[in-house]
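K.L.:
My questions will all concern the structure given below.
In the UniProt record's numbering, the protein residues as written are 1 to 78.
Shown next as structure tokens:
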């Protein structure tokens, strides 16, 4: 059985800190703040996609989702 995980000593060491409720109001480093802001933007675009039928907003949401995945992978590897 292969389990993915990471050892964290502080919130800034966690690649999922912006999405994690374990750390509560712990401060984020600049990369964490960027990740959290992008994740919130994608969530808003996802929630409102039926209210604003825009091909451009849909493409923006997909681009930001890909960017978030790349940032998460980069943080996990580097």
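Don't be surprised by glycine CBs; every beta carbon is placed ideally from N, CA and C. Fair warning: this is a prediction, and the values are worked out from it, not measured in the lab.
Answer with buried or exposed for residue 47, where buried requires no fewer than 16 other C-beta atoms within 10 angstroms of its C-beta.
P.N.:
With fewer than 16 other Cβ atoms within 10 Å, it is exposed.
K.L.:
Please check the pair residue 42 and residue 57, which I expect to be a contact at CB under 8 angstroms, by giving their CB distance rounded to whole angstroms.
P.N.:
So it is not a contact: roughly 11 angstroms between Cβ atoms.
K.L.:
Cβ of residue 38 within 7 angstroms of Cβ of residue 68?
P.N.:
Closer than 7 angstroms, so yes.
K.L.:
I need the straight-line Cα distance from residue 30 to residue 70, nearest angstrom please.
P.N.:
Going by the C-alpha atoms only, they are around 16 angstroms apart.
K.L.:
Taking all protein chains shown into account, do 16 or more other C-beta atoms lie within 10 angstroms of the C-beta of residue 61, making it buried, or fewer, making it exposed?
P.N.:
With 16 or more other Cβ atoms within 10 Å, it is buried.
K.L.:
Can you list, in chain order, the residues of its chain with a C-beta nearer than 6 angstroms to that of residue 49? Leave out the 5 residues immediately preceding and following it.
P.N.:
Closer than 6 angstroms at Cβ, skipping near neighbours: no residue.
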